[in-house]
Structures are given as C-alpha cells and as structure tokens.
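Quick notes on the structure that follows.
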Amino acid sequence: MNKQQLFENIKRKKSFLCVGLDTDIKKIPEHLLKEEDPIFAFNKAIIDATADLCIAYKPNLAFYESMGVKGWIAFEKTVNYIKQNYPDQFIIADAKRGDIGNTSAMYARTFFEELDIDSVTVAPYMGEDSVTPFLTYEGKWVILLALTSNKGSHDFQLTEDTNGERLFEKVLRKSQEWASDEQMMYVVGATQGRAFEDIRKIVPEHFLLVPGVGAQGGSLEEVCKYGMNKTCGLIVNSSRGIIYVDKTENFAAASRKAAQKVQAQMAEELKKVIND
Ligand SMILES: O=c1ccn([C@@H]2O[C@H](COP(=O)(O)O)[C@@H](O)[C@H]2O)c(=O)[nH]1
Numbered sequence: 043m044n045k046q047q048l049f050e051n052i053k054r055k056k057s058f059l060c061v062g063l064d065t066d067i068k069k070i071p072e073h074l075l076k077e078e079d080p081i082f083a084f085n086k087a088i089i090d091a092t093a094d095l096c097i098a099y100k101p102n103l104a105f106y107e108s109m110g111v112k113g114w115i116a117f118e119k120t121v122n123y124i125k126q127n128y129p130d131q132f133i134i135a136d137a138k139r140g141d142i143g144n145t146s147a148m149y150a151r152t153f154f155e156e157l158d159i160d161s162v163t164v165a166p167y168m169g170e171d172s173v174t175p176f177l178t179y180e181g182k183w184v185i186l187l188a189l190t191s192n193k194g195s196h197d198f199q200l201t202e203d204t205n206g207e208r209l210f211e212k213v214l215r216k217s218q219e220w221a222s223d224e225q226m227m228y229v230v231g232a233t234q235g236r237a238f239e240d241i242r243k244i245v246p247e248h249f250l251l252v253p254g255v256g257a258q259g260g261s262l263e264e265v266c267k268y269g270m271n272k273t274c275g276l277i278v279n280s281s282r283g284i285i286y287v288d289k290t291e292n293f294a295a296a297s298r299k300a301a302q303k304v305q306a307q308m309a310e311e312l313k314k315v316i317n318d
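Right under this line is the structure:
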C-alpha cells in the first residue's frame, strides 16, 4: 500500500486508528480457551468487530513468539485473515528488528516475502546497513523507532550531543538519507506531547506510527494538535484500550464500542485539516 492509498483510506473511514493485536492467552475471555486456536479466534472476533473503524492492525510479535510454534501459526493465520477479508487494512508487524546487514535481510524476507506484510518496525541503533535490507522491497514500509512512548526514552533518545541535538532528532535527520516518506515512517509515542512539534520541523511529510494512547495515557488531542499534517500523517495505535475492555462473551461488541469512541474523536480531528 502506498502513501496516497493510506490517505484515501483515512479519508474514507474518517479514521487513523490502528488496533493493536497484543493478544495474551492469559487475558482473553475464558470461553475461547476451548477453541482449537484461541489466539486466532480472539483476533478474528476483534478484527470482524473493528475493521470498518480502523485503517491498520498491529500485531506485536512478542505476544505470538511467547507461545512458540503455536504463536507463529496464530500470527500467520491472523495476517492471512486480514489480507483475505479486509485487503484495505495496513498491516504492521511490530517486531522492532534490526541487525547486521545479512541478518536484517533474513528478517526482511520473513515479513515481506514469507508473510507479505505491509510494514515492520525496525530499531535504528545499528545504523544504515541494518535498515537498508528492509528497503529493497517495493511497496513495503520500514517504521523506524524514533521517540518511543516509554520512560526509558529519556535514557538515550532524549539526550543531547554537544550541539544540542537530541538522539531522536539525529535518527530522523540521518535516516532520511536512506529512504523517502514513501517508504519510511517513524514511531513516536503519544506520551511525548509537544515533542511532536519539533518532530514535524524535521519530518513534515512523513507518517508517524503513534502508540501510547489508551492504557499508557497519551493524549490523542495533543498528538493531533502538534503532529497532524495535511495528509493526516498519523496512524494512532491502541491495543489494551480496545481489545481488553471486556472479558465476557460480549468482548467483541465491547471492543467495537471502544474503537467507535476513538474513531469519533478522530473524525473530529480530521475535519480540522482535511476539507474533502
Ligand atoms: O514506543 C513504543 C513502541 C511500541 N509500542 C507498542 O505499542 C503497543 C501499545 O500498546 P497499548 O496497550 O496501547 O499501550 C504495544 O504493542 C507496545 O509494545 C509502544 O507502546 N511504545
């Protein structure tokens, strides 16, 4: 999916919501445990209940890999289910990969060839040769960690060099030499508030993947105020705030309600920048 198609989906659905499929066997409703594949059964119900309200799904690999082979099977089934039934959805493998070049090439092969996923999150710490193998696939996206939502973002990302440049700013500037806004997005945590203003000075046109609303307490309003651009430029993720609002047989309808609430807020925010 290219940038224009993503923007068209956002306008059509009046939504820039990404539902995070952080599916934990210990948190899903008990009645699903009798299913052959409870993780997939849960994901399928959540996807069917929310697909008209969101433009992306973000399964986080940690939740699947923690279950070994069964987890990988559930992950692959989930990706295929979305692709077959909701082909307009942008799929993000939140895997935070990155290694020496030939190893990164294997990660890229996994997500882009074997699974044909739209995008993968990548850590920038190992530099250019750890990122460029992901960029050799046309139509696929790298989502580079820039300024994350957690407290630990202060340890490295927010520290300044002698010229006053913060590490996340260096990541944004340097990585633009590797790919354009048609192939690269950045992760910026919703908890980072006004930093979005500084980020937009360096990457005015790029899409940003924004986790941290909902359970982590980031403000959607603030993210939009400082981070939205003329093509929206935001994919805002919520995982626990949507998928775990109810543990009964009614869980999917409850998740839909939670997604509807966020989507309605997003529709209002979009009106401020998009006229058609
Ligand atoms: O800076 C980051 C980068 C990634 N994440 C991931 O996003 C979701 C957030 O889940 P919530 O339940 O909505 O808090 C999760 O998969 C994280 O690993 C992030 O939170 N912050």
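First residue of the sequence shown: 43, per the numbering used here; consecutive thereafter.
Virtual Cβ for every residue (Gly too), placed ideally from N, Cα, C.
As the structure is a computational prediction, the values presented were derived from the model and not from experiment.
Original post:
Nearest CA to the CA of HIS196: which residue from LEU209, ILE185, VAL184?
Top reply: Selected option, being the one with the closest Cα: LEU209.
**OP:** State whether the segment 78 to 92 contacts the segment 285 to 297, with contact taken as three or more CB pairs (one from each stretch) at a distance under 8 Å.
**Re:** Taking 8 Å as the limit for Cβ pairs, the verdict is that the segment 285 to 297 does touch the segment 78 to 92.
**OP:** Mind checking who MET226 pairs with in its DSSP beta bridge?
**Re:** According to DSSP, MET226 bridges with VAL184.
Original post:
How about VAL230 and VAL252: do their beta carbons lie closer than 9 Å?
Top reply: Contact flag set, yes.
**OP:** Assign LEU189 to buried or exposed, taking buried as 16 or more other Cβ atoms, counted over all protein chains shown, within 10 Å of its Cβ.
**Re:** LEU189 is buried by the Cβ-count criterion.
**OP:** Write down the C-beta distance between PHE49 and CYS274 rounded to the nearest angstrom, noting that I regard them as a contact closer than 8 Å.
**Re:** Indeed, because the Cβ distance is near 6 Å, the residues count as touching under 8 Å.
**OP:** Pull up the CB-CB distance for MET270 and HIS248, whole angstroms please, since I reckon it's below 8 Å.
**Re:** By a beta-carbon distance limit of 8 Å, MET270 does not contact HIS248. Their separation comes to about 12 Å.
Original post:
Is it the case that the CB of ASN192 approaches a heavy atom of ligand 1 more closely than 8 Å?
Top reply: Within the cutoff, so yes.
**OP:** Give a yes or no on contact between the segment 262 to 269 and the segment 232 to 241, applying the rule of three or more CB pairs nearer than 8 Å.
**Re:** Three or more pairs of CB atoms, one per stretch, sit closer than 8 Å, so the segment 262 to 269 contacts the segment 232 to 241.
**OP:** Check whether the Cβ atoms of TYR99 and CYS60 lie closer than 9 Å to each other.
**Re:** Note that the C-beta distance between TYR99 and CYS60 is below 9 Å.
Subject >> Where ILE142 falls, given that 16 or more other Cβ within 10 Å makes a residue buried >> reply: With fewer than 16 other Cβ atoms inside 10 Å of its own Cβ, ILE142 counts as exposed.
Original post:
My guess is that LEU95 and GLN305 are in contact by the Cβ rule of under 8 Å, so how many angstroms apart are they, rounded?
Top reply: Indeed, because the Cβ distance is near 4 Å, the residues count as touching under 8 Å.
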